[in-house]
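Accompanying notes for the structure given below.
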Amino acid sequence: MEEEPVNQVQSCVSLEDVCLYFTEEEWDLLNDAQKLLYHNVMLENFSTVLSLGLPISKAFSGTPATDANRDF
Numbered sequence: 001m002e003e004e005p006v007n008q009v010q011s012c013v014s015l016e017d018v019c020l021y022f023t024e025e026e027w028d029l030l031n032d033a034q035k036l037l038y039h040n041v042m043l044e045n046f047s048t049v050l051s052l053g054l055p056i057s058k059a060f061s062g063t064p065a066t067d068a069n070r071d072f
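Residue numbers (UniProt numbering): 1 to 72.
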């Protein structure tokens with residue numbers, strides 16, 4: 001029996017689509033391992049978007065992801 005083809009809709013994904021934002025209070029509740037994981041995932045996402053040649057918004061400067069370095 002043949003499987004029916006799946007209709008997949010492809011759309012553009014921006015860095016904003018894969019970012020997770022924490023309030024300062026939420027960030028303070030994370031332990032060091034959680035902050036490091038968040039930092040590493042955000043760096044990987046950022047690197048992937050850069051490798052695709054997509055523009056990066058200036059809105060990402062000063063977010064917890066970039067400020068995470070101060071905690072380590």
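We put the beta carbon where it would ideally sit given N, CA and C, even for glycine.
- Counting only the Cα atoms, Leu30 lies some 17 angstroms from Cys19.
- In the DSSP annotation of this structure, the continuous segment of the alpha helix (DSSP H) that includes Val41 starts and ends at 32–51.
- In the structure shown, Val13 adopts coil according to DSSP, grouped into three states.
- The continuous stretches of alpha helix (DSSP H) do not include Leu20, and DSSP gives it neither H nor E.
- Rounded to the nearest angstrom, the gap between the Cα atoms of Glu26 and Gln34 is 11 angstroms.
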